[in-house]
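Worksheet for the structure shown next.
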Amino acid sequence: MKTICKGISNHSQKGEVLDMHFSSIKFNGKEIENNLFKLNNDNQKLFEISFNEDTLNDPIKDIRDAYLKLHLLSHKFVLPNTINLEGLFTILPNIVWTNQGPIALEEIDARLNESKFHGNNLYIRSIDKFPCITDYVIPKKVRIADSSRVRLGAYLGEGTTIMHEGFVNFNAGTLGKAMIEGRISSGVVVGNNSDLGGGSSTMGTLSGGNDVKISIGENCLLGANSGIGISLGDNCTVEAGLYITAGTKVTINENNNTKLVKASNLSGLSNLLFYRDSTNGMVVAKDNIKVSELNEALHKND
Amino acid sequence: MKTICKGISNHSQKGEVLDMHFSSIKFNGKEIENNLFKLNNDNQKLFEISFNEDTLNDPIKDIRDAYLKLHLLSHKFVLPNTINLEGLFTILPNIVWTNQGPIALEEIDARLNESKFHGNNLYIRSIDKFPCITDYVIPKKVRIADSSRVRLGAYLGEGTTIMHEGFVNFNAGTLGKAMIEGRISSGVVVGNNSDLGGGSSTMGTLSGGNDVKISIGENCLLGANSGIGISLGDNCTVEAGLYITAGTKVTINENNNTKLVKASNLSGLSNLLFYRDSTNGMVVAKDNIKVSELNEALHKND
Amino acid sequence: MKTICKGISNHSQKGEVLDMHFSSIKFNGKEIENNLFKLNNDNQKLFEISFNEDTLNDPIKDIRDAYLKLHLLSHKFVLPNTINLEGLFTILPNIVWTNQGPIALEEIDARLNESKFHGNNLYIRSIDKFPCITDYVIPKKVRIADSSRVRLGAYLGEGTTIMHEGFVNFNAGTLGKAMIEGRISSGVVVGNNSDLGGGSSTMGTLSGGNDVKISIGENCLLGANSGIGISLGDNCTVEAGLYITAGTKVTINENNNTKLVKASNLSGLSNLLFYRDSTNGMVVAKDNIKVSELNEALHKND
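Residue numbers (this note's numbering), protein chains in the order written: chain E, 0 to 301; chain H, 0 to 301; chain X, 0 to 301.
Spelled out as structure tokens, the structure:
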């Protein structure tokens, strides 16, 4: 496999690469194809690069690798957690994302000050290593209520709705239709027909969480303001407001005896309902009887 | 009653309606009046439509009905839950909301790609069936810290402040002054002088919740990160971090005996304080002694 | 000490001040220096003002004082809670912040309506007394994933990352590097090397909280969806999903006996781990063994 991509890059006044937009990508028989146009801006360059299996398996060496891999994820050519993203944070520069395109940090003070006098209304949407997905890739049959909350590198299945309180990091996303009003941390993948309630949390591995990447199966419901530090299999529900960490001691029923287990021992199991008994504060897992169903009208995002 | 409205619609290249802006509306003796101007864009059309009581009571038949009803709500001509919104999700197309106006989904890939080469800095704020309220209606004496979090169709009382973490869906809102740092789901109405703390949640009926529309009375406080799946009457407080679902078993005191009731049985009652006893995990409701008061300086939004 | 500042102000059609951008400030030997340019817009004016120690200690008298003090905080010339901000909410007008600059509330209806016909795509980012920090001040070695969530007047230490779910109010911030995925209320200061997990809450004094300003020391971790109404010293951890209010009764171990104390009695202490025992619902504080460490790659924000 050897594959050619074409696109356009933006550069700082010093010539450093700020970002790369991939207009066309061919990959494993699928392809994205948009026209290239003639350039008339000194700070832009056309590029044509090739990559192969090794590129995907190797750590990220430069900004081209980084933007390529983020595009491949968001175009759904590759699934989250299947390509090597080592080095991503180190390689990606911190960029000022503005209504006038990406700007280098060292140039922004002068640009912003000038803008005040010249009335060209520069404004800054974000100062970050990652841009928004919708600045590069528009996923089909998806709704994204606030594009500032989905990073390039997110993988969004058809029929997914990301509400205003939803968030999807890079190398993370949904495999099918899903209602996302909670936060999908980097590395977390959500199965078809699952629902992350408003403000719900999935513990990540980048910051403050632990080392195990978690996932959510199909037909799951994380209640509003709930959260998980373990994986869920299929048909699981976590009660609104309950946070299950890996270390939470959970009461289960086994052969008619109650028994305490660490939540991490239940990680990935299916058909569980997690709740906190409001009469005694015990966190309990039991068979999930009422499985969540999505409202079809909210996910036919044509 | 028969009423005339005028305004302007945007169309896709194929001629499909993308959105409708109502410049003037007369309704029940109140009126909104803004000038119409001559058009000079092939993708825009002037419209003049009439509607009557039946229109309000009938299901939504087309995009005109949809935008009319969303405008009526946000101009506060009608209260939430008083007009028929059946069919809204089916009728509204999924639109790309950009800094260059609404764009049809099928046109966006080419537009975005061209923009990269021609330096016109198209960017996408949202891909959704609903636009932001402030793209069409500017409610008076209101603050909205992040306009991307209030949908057209929200009803915002004078003196309302929607903070950055606040959110208001269509057909939902506040009846008077209110501090909203939490999420008001579709169908939920909040009474005068109430305060939804940061990250607090009101369970909706569209997705993941149950079937009963909930409401919040006057002088209520939802603590930060709390949530409710039941209605609150007046003068109620929910402790920070506590989520009351309809099924939560709540301990109350009746004639000096404690008693367990389902939270749904307390729905809509006034003067209650809900908290979880931090010595034994029991969720308790008792008489609310310290009623919440808003800070006046934060709600004089002239 | 007497200090000169220069900059540019925007005015409404009536001549009222909408905002002030400080291009140059000299203060205590440090200085910000950007060029002034010739004006060509009737609604803009150059200003040159001086201030001294008294200005900092006195209540805010006018918009100049207000913008001066917010700039001083965001340029990190002064620490939060060290200058007098009395009168800030009363003095600051409610402004419509748009992609065409600040607009007076009374002018916005006509401007928005005209924009629909003339295709100049006015849109409103916010209606608020406070603008975003990045419209005036770009803090160095900082990432801000969504600029709409950090107000002018925020104080952001080098190495701070504000994620999409993070929020920082005016007169609040971080003293060193920090991962902020939660909400820093006005008056709250976070020490070096601390981590506020996704959706975590710090109780403020402006609205719905109590009267005591809280702070967070160094090397602390607020778990996702947790919250505090008390201060934390150094090396403290609050379990994901747990909200500690001032009145929470906390079980501690003293000389091998358990004892109940109000959380406010633990305010500001170091080396504590707060969690809710998931077998009995008791909120417990004990010695914190595993202290949080930030992931270096996420905070080298060059």
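Virtual Cβ for every residue (Gly too), placed ideally from N, Cα, C.
Do you know how far the Cα of residue j is from the Cα of residue i?
{"i": "H/LYS13", "j": "H/ILE102", "result": "11 Å"}
{"i": "X/VAL283", "j": "X/ASN9", "result": "53 Å"}
{"i": "X/LEU71", "j": "X/ASN294", "result": "30 Å"}
{"i": "X/GLU32", "j": "X/VAL290", "result": "41 Å"}
{"i": "X/THR204", "j": "E/THR54", "result": "52 Å"}
{"i": "X/ASN120", "j": "H/THR247", "result": "48 Å"}
{"i": "H/LEU17", "j": "X/ASN264", "result": "58 Å"}
{"i": "E/GLU217", "j": "E/CYS235", "result": "8 Å"}
{"i": "X/SER266", "j": "H/LYS29", "result": "54 Å"}
{"i": "H/GLY156", "j": "H/ALA177", "result": "8 Å"}
{"i": "H/GLY196", "j": "X/SER185", "result": "14 Å"}
{"i": "H/TRP96", "j": "H/SER11", "result": "13 Å"}
{"i": "X/GLY190", "j": "X/PHE76", "result": "17 Å"}
When the distance is taken between beta carbons, is residue j closer than 8 Å to residue i?
{"i": "X/ALA245", "j": "X/ILE229", "result": "yes"}
{"i": "E/ARG148", "j": "E/PHE129", "result": "no"}
{"i": "H/VAL211", "j": "H/SER225", "result": "no"}
{"i": "X/GLY198", "j": "X/ALA171", "result": "no"}
{"i": "E/PHE169", "j": "E/ARG150", "result": "yes"}
{"i": "X/LEU84", "j": "X/LYS60", "result": "no"}
{"i": "X/LEU297", "j": "X/THR173", "result": "no"}
{"i": "H/PHE36", "j": "H/THR2", "result": "no"}
{"i": "X/ASN252", "j": "X/LYS285", "result": "yes"}
{"i": "E/LYS5", "j": "E/SER22", "result": "yes"}
{"i": "E/ASN192", "j": "E/GLY175", "result": "yes"}
{"i": "H/SER73", "j": "H/GLY152", "result": "yes"}
{"i": "E/TYR66", "j": "E/ASN98", "result": "no"}
{"i": "X/ASN93", "j": "X/ASP127", "result": "yes"}
{"i": "X/ASN270", "j": "X/ASN255", "result": "no"}
{"i": "H/ILE107", "j": "E/ILE137", "result": "yes"}
{"i": "X/LYS231", "j": "X/ARG275", "result": "In the sequence as displayed, the identity of residue 231 of chain X is Leu instead of Lys. No, Cβ-Cβ distance for X/LEU231 and X/ARG275 is not below 8 Å."}
{"i": "E/ALA144", "j": "E/HIS117", "result": "no"}
{"i": "X/ARG63", "j": "X/ILE82", "result": "no"}
{"i": "E/THR278", "j": "H/LEU259", "result": "yes"}
{"i": "E/LEU91", "j": "E/TYR154", "result": "no"}
Taking Cβ positions only, does residue i come closer than 8 Å to chain C?
{"i": "X/ILE161", "result": "Although the question refers to chain C, the structure presented lacks it and instead comprises the protein chains E, H and X."}
Determine which residues share a DSSP beta bridge with residue i and list them.
{"i": "H/THR204", "result": "Per DSSP, none; premise fails for H/THR204."}
{"i": "H/ASN279", "result": "Paired residue(s): none; H/ASN279 is not in a bridge."}
{"i": "H/CYS4", "result": "H/ILE24 and H/ILE48"}
{"i": "H/GLN43", "result": "H/ASN9"}
{"i": "H/ALA153", "result": "H/ALA171"}
{"i": "E/TYR274", "result": "E/VAL283"}
{"i": "X/PHE166", "result": "X/ARG182"}
{"i": "E/LEU71", "result": "Answer is none; E/LEU71 lacks a bridge partner."}
{"i": "H/ALA103", "result": "H/ILE94"}
{"i": "E/LEU195", "result": "E/ILE179 and E/LEU221"}
{"i": "H/THR160", "result": "H/ARG142 and H/MET178"}
According to DSSP, is residue i part of a helix, a strand, or is it coil?
{"i": "X/ILE90", "result": "helix"}
{"i": "H/LEU35", "result": "coil"}
{"i": "E/ALA239", "result": "coil"}
{"i": "E/ALA245", "result": "coil"}
{"i": "E/ASP134", "result": "helix"}
{"i": "X/LYS139", "result": "coil"}
{"i": "E/SER291", "result": "coil"}
{"i": "E/ASP210", "result": "coil"}
{"i": "X/THR250", "result": "strand"}
{"i": "H/LYS299", "result": "coil"}
For the ligand ADP, I want to know if residue i counts as a neighbour, meaning its beta carbon is within less than 7 Å of at least one of the ligand's heavy atoms.
{"i": "H/LYS68", "result": "Questions concerning the ligand ADP fall outside what the structure shown contains, since it holds no ligand whatsoever."}
Under 7 Å, CB to CB, which of the residues in the segment 14 to 27 of chain E have a partner in chain H?
HIS20 and SER22
So if I threshold CB-CB distances at 8 Å, which residues from the segment 85 to 116 of chain H count as touching chain E?
PHE88, THR89, PRO92, ASN93, VAL95, ASN98, LEU104, ILE107, ASP108, ALA109, LEU111, ASN112, GLU113, LYS115 and PHE116
Check each residue of the segment 173 to 199 of chain X: if its Cβ is closer than 7 Å to any Cβ of chain H, include it; give the result in chain order.
ARG182 and GLY198
Of the residues that make up the segment 263 to 276 of chain E, which ones have a beta carbon closer than 7 Å to any beta carbon in chain X?
none
Could you please tell me which residues of the segment 128 to 142 of chain E, in chain order, have their CB closer than 7 Å to any CB of chain H?
THR133, ASP134, ILE137, VAL141 and ARG142
Chain-ordered residues of the segment 274 to 293 of chain X with a beta carbon less than 7 Å from chain H
ASN279, GLY280, MET281 and VAL282
When you check each C-beta in the segment 238 to 267 of chain X against every C-beta of chain H, which residues fall closer than 8 Å?
GLY240, LEU241, TYR242, THR244, THR247, LYS248, VAL249, THR250 and LEU259
Listed in chain order, which residues of the segment 50 to 75 of chain H have Cβ atoms closer than 7 Å to some Cβ of chain E?
none
Closer than 9 Å, Cβ to any Cβ of chain E: which residues of the segment 202 to 233 of chain X, in chain order?
LEU220, LEU221, GLY222, ALA223, ASN224 and SER225
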